[in-house]
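Peer 1: One structure is given below, represented as structure tokens, and several questions about it will come after.
In my numbering, the protein residues as written are 180 to 561.
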């Protein structure tokens with residue numbers, strides 16, 4: 180499908196995505212549910228909508244446990260494993276005639292069902308936008324996308340509609356998915372964050388009809404996150420395609436799967452701890468580098484101060500010589516003064532008034548004209 184290829188594929192991520200990330204990113208856990216599901220998994224059971232389903236040991240994706248509901252389609256729970264950690268990531272409920280593909284094809288189809296029903300994996304677009312001068316250019320230089328924030332309705336109107344229309348689709352209706360929004364908000368609390376951040380979510384579904392009668396359901400999950408520097412935002416899209424006659428049942432099954440996928444809480448905790456350790460390690464590297472930079476900066480400052488002091492001292496000597504100034508000091512307290520140069524002796528009173536003389540025998544304390552106060556003989560600092 181042309182529109183599907185217009186988005187970026189979700190890369191394999193260590194803790195958060197598998198090739199079925201279109202489903203695994205949506206989950207709801209409360210603190211109470213986490214403990215409860217830990218017990219459920221220990222007993223190899225899962226509770227959904229008030230009913231308990233049993234999981235057999237060592238089940239494979241193609242041989243998952245079956246649960247029969249009277250007068251309802253048969254549901255199979257597929258165990259999705261994290262091979263790197265050798266543990267179950269989640270349990271995915273699907274109709275028994277929906278088949279997960281071993282490999283995602285070039286069109287992005289991850290599962291198929293009878294009556295030409297196709298399930299598409301998740302694609303994404305991520306953007307940054309800032310009001311700070313030079314910040315957006317820095318982001319562009321890093322190979323990221325820069326784009327002002329759009330709300331989810333703007334996205335459907337301005338971004339999605341042209342893509343779908345070019346592929347022969349017409350928008351039939353769009354509507355919010357509040358349950359999926361709640362899942363995203365609650366799942367977020369189990370994702371490690373190195374710093375506090377303000378993050379919001381919106382989720383909408385859009386239904387499209389092709390000129391050949393094919394229907395498509397696209398689930399759009401937008402996130403918006405703010406920092407002091409910029410707004411980081413983006414969206415993920417996934418969905419199904421089915422003939423019009425089978426679209427409603429396919430849509431119901433697909434949304435049911437999104438709402439009832441159950442994560443392994445031990446897997447979530449493992450991912451959280453790994454991300455926390457990685458963040459701490461990166462912070463240590465960053466702090467070490469910052470300490471090194473601060474030390475280098477302080478050394479530069481000290482060298483600058485020493486150079487400035489040397490320049491200032493040389494400049495002062497030069498000015499003193501050209502302005503014929505002399506430095507003198509009070510021998511009783513060490514206080515220094517500047518006076519006009521050229522005299523052999525200097526006497527100073529308590530008012531910082533001085534008498535200069537070339538007569539080494541002159542003492543103002545013996546001079547009746549000025550001996551009403553005490554005069555101190557100063558030393559000349561060469």
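Positions of the beta carbon are idealized from the N, C-alpha and C atoms, including for glycine.
Fair warning: this is a prediction, and the values are worked out from it, not measured in the lab.
Pull up the distance between the alpha-carbon of residue 201 and that of residue 447, whole angstroms please.
Peer 2: On the chain shown, residue 201 is found 22 positions in, with the first residue counted as 1. On the chain shown, residue 447 is found 268 positions in, with the first residue counted as 1. Per-residue confidence for residue 201 stands at a pLDDT of 36, beneath the threshold of 50, marking its modelled position as unreliable; no derived number is given.
Peer 1: Relative to the C-alpha of residue 323, which candidate in 412, 263, 439 and 332 has its C-alpha closest?
Peer 2: Against the chain shown, residue 323 aligns to sequence position 144. Of 412, 263, 439 and 332, the residue nearest in Cα terms is 412.
Peer 1: Is it true that the CB of residue 539 sits closer than 8 angstroms to the CB of residue 556?
Peer 2: Walking along the chain shown from the start, residue 556 turns up at place 377. Walking along the chain shown from the start, residue 539 turns up at place 360. Their beta carbons are not under 8 angstroms apart, which means residue 556 does not touch residue 539 by this criterion.
Peer 1: Exposed or buried, what is residue 552 when buried is set at 16 or more other beta-carbons lying within 10 Å of its beta-carbon?
Peer 2: Numbered from its first residue, the chain shown carries residue 552 at position 373. Its Cβ having fewer than 16 others within 10 Å, residue 552 is exposed.
Peer 1: Can you round the beta-carbon distance between residue 359 and residue 398 to whole angstroms, since I take them to be within the 8 angstroms contact cut?
Peer 2: One-based indexing of the chain shown puts residue 359 at position 180. One-based indexing of the chain shown puts residue 398 at position 219. Sure, about 7 angstroms apart at Cβ, within 8 angstroms.
Peer 1: Which residue's Cα is closest to the Cα of residue 314: 560, 410 and 275?
Peer 2: Against the chain shown, residue 314 aligns to sequence position 135. Checked all of 560, 410 and 275; the closest Cα to residue 314 is 410.
Peer 1: What does DSSP give as the partner residue(s) for residue 524 in the beta ladder?
Peer 2: On the chain shown, position 345 is the one that residue 524 refers to. Answer is 536.
Peer 1: To the nearest whole angstrom, what separates the beta carbons of residue 504 and residue 514, a pair I think is in contact under 8 angstroms?
Peer 2: Here the question's residue 504 lines up with position 325 in the chain shown. Here the question's residue 514 lines up with position 335 in the chain shown. In fact, because the Cβ distance is near 16 angstroms, the residues do not count as touching under 8 angstroms.
Peer 1: Do residue 400 and residue 371 have their beta-carbon atoms positioned less than 8 angstroms apart in this structure?
Peer 2: What you label residue 371 is simply residue 192 of the chain shown in a count that begins at 1. What you label residue 400 is simply residue 221 of the chain shown in a count that begins at 1. No, these two residues do not count as a Cβ contact at 8 angstroms.
Peer 1: Which whole-angstrom value describes the C-beta separation of residue 615 and residue 373, a residue pair presumed to lie in contact below a C-beta threshold of 8 angstroms?
Peer 2: The displayed coordinates of the chain run from 180 to 561. Any statement about residue 615 would go beyond what the structure contains.
Peer 1: What would DSSP say about residue 367, mapped onto helix, strand or coil?
Peer 2: The residue given as residue 367 occupies position 188 in the chain shown. Reduced to three states, the DSSP call for residue 367 is helix.
Peer 1: Tell me the DSSP secondary structure of residue 276 in three-state form.
Peer 2: Position 97 of the chain shown, counted from the start, is the residue given in the question as residue 276. Residue 276 falls in the coil class under three-state DSSP.
Peer 1: Classify residue 346 as helix, strand or coil using the three-state DSSP reduction.
Peer 2: Taking the first residue of the chain shown as 1, we reach residue 346 at position 167. In this structure, residue 346 counts as coil in the three-state DSSP scheme.
Peer 1: Taking Cβ positions, are residue 171 and residue 526 nearer each other than 8 angstroms?
Peer 2: No answer is possible for residue 171: the residues shown for the chain start at 180 and end at 561.
Peer 1: Of the choices 362, 437, 420 and 384, whose alpha-carbon is the least far from that of residue 294?
Peer 2: The sequence position of residue 294 within the chain shown is 115, counting from 1. Ranking 362, 437, 420 and 384 by Cα distance to residue 294 puts 420 first.
Peer 1: Over what stretch of residues does the beta strand (DSSP E) that includes residue 550 continue unbroken?
Peer 2: If you number the chain shown from 1, residue 550 lands on position 371. Segment: none, residue 550 is in no beta strand (DSSP E) and carries neither H nor E.
Peer 1: Is the separation between the beta-carbon of residue 129 and that of residue 431 shorter than 8 angstroms?
Peer 2: Any answer about residue 129 is impossible in this case: the structure gives the chain only from 180 up to 561.
Peer 1: Between which two residues does the alpha helix (DSSP H) harbouring residue 426 extend?
Peer 2: Counting from 1 along the chain shown, the entry for residue 426 is found at position 247. It spans 423 to 439 - the alpha helix (DSSP H) in which residue 426 sits, taken as one unbroken run.
Peer 1: Go through its chain and collect everything with a Cβ distance to residue 550's Cβ below 7 angstroms, but skip five positions before and after it.
Peer 2: Locating residue 550 in the chain shown gives position 371, where the first residue counts as 1. Taken in chain order, the residues that qualify are 543 and 544.
Peer 1: For a cutoff of 8 angstroms on Cβ pairs, would you count residue 253 as touching chain D?
Peer 2: Within the model displayed, chain D is absent; a lone protein chain is all it includes.
Peer 1: Does DSSP put residue 541 in a helix, a strand or coil?
Peer 2: For the purposes of this step, residue 541 is taken as the residue at position 362 of the chain shown. The answer is coil: DSSP assigns residue 541 none of H, G, I, E or B.
Peer 1: Could you tell me how far apart the beta carbons of residue 417 and residue 301 are, in whole angstroms, since I believe they sit closer than 8 angstroms?
Peer 2: As a position in the chain shown, residue 417 is number 238, starting the count at 1. As a position in the chain shown, residue 301 is number 122, starting the count at 1. Contact flag correct, Cβ pair sits at about 4 angstroms.
Peer 1: What's the C-alpha gap between residue 351 and residue 387?
Peer 2: Within the chain shown, the letter at position 172 stands for residue 351. Within the chain shown, the letter at position 208 stands for residue 387. The straight-line gap from Cα to Cα measures roughly 5 angstroms.
Peer 1: To the nearest angstrom, how far is it from the Cα of residue 217 to the Cα of residue 317?
Peer 2: Numbered from its first residue, the chain shown carries residue 217 at position 38. Numbered from its first residue, the chain shown carries residue 317 at position 138. Any reading at residue 217 must be qualified, since the residue scores a pLDDT of 36, below 50, and its modelled position is unreliable; no value is offered.
Peer 1: I need the straight-line Cα distance from residue 453 to residue 348, nearest angstrom please.
Peer 2: Position 274 of the chain shown, counted from the first residue, corresponds to residue 453. Position 169 of the chain shown, counted from the first residue, corresponds to residue 348. Using only the alpha carbons, I get a separation of about 43 angstroms.
Peer 1: DSSP has residue 413 in a bridge; who is on the other side?
Peer 2: Taking the chain shown and counting its residues from 1, one reaches residue 413 at position 234. DSSP output for residue 413 lists 305 and 402 as bridge partner(s).
Peer 1: Can you give the Cα-Cα distance for residue 274 and residue 332, rounded to whole angstroms?
Peer 2: Residue 274 sits at position 95 when you count from the first residue of the chain shown. Residue 332 sits at position 153 when you count from the first residue of the chain shown. If I take the Cα positions, the gap works out to 32 angstroms.
Peer 1: Compute the distance between the beta-carbons of residue 311 and residue 403, then report whether it is under 8 angstroms.
Peer 2: For the purposes of this step, residue 311 is taken as residue 132 along the chain shown, with counting starting at 1. For the purposes of this step, residue 403 is taken as residue 224 along the chain shown, with counting starting at 1. No.
Peer 1: For the alpha helix (DSSP H) holding residue 321, just list the boundary residues, first then last.
Peer 2: Against the chain shown, residue 321 aligns to sequence position 142. Element bounds for residue 321: n/a, residue is neither H nor E.
Peer 1: Which residue comes first and which comes last in the beta strand (DSSP E) that contains residue 506?
Peer 2: Position 327 of the chain shown, counted from the start, is the residue given in the question as residue 506. Segment 504 to 508, the beta strand (DSSP E) holding residue 506.
Peer 1: Locate the beta strand (DSSP E) running through residue 259, then write down its first and last residues.
Peer 2: Taking the chain shown and counting its residues from 1, one reaches residue 259 at position 80. Segment 254 to 261, the beta strand (DSSP E) holding residue 259.
Peer 1: Taking 7 angstroms as the line, does the beta carbon of residue 307 fall inside it for any heavy atom of the ligand GDP?
Peer 2: Here there are no bound small molecules, and the ligand GDP is not part of this structure.
Peer 1: How is residue 315 classed by DSSP in three states: helix, strand or coil?
Peer 2: In the chain shown, residue 315 corresponds to position 136, counting from 1. Correct three-state label for residue 315: helix.
Peer 1: Given this structure, state the Cα-to-Cα distance separating residue 263 from residue 482, to the nearest angstrom.
Peer 2: As a first step, residue 263 is located in the chain shown; it is residue number 84 there, counting from the start. As a first step, residue 482 is located in the chain shown; it is residue number 303 there, counting from the start. Looking at the two C-alpha atoms, the distance is approximately 53 angstroms.
Peer 1: Between the Cα of residue 257 and those of 279, 296 and 531, spot the shortest distance and give me the residue it belongs to.
Peer 2: On the chain shown, position 78 is the one that residue 257 refers to. Of the listed residues, the one whose Cα sits closest to residue 257 is 279.
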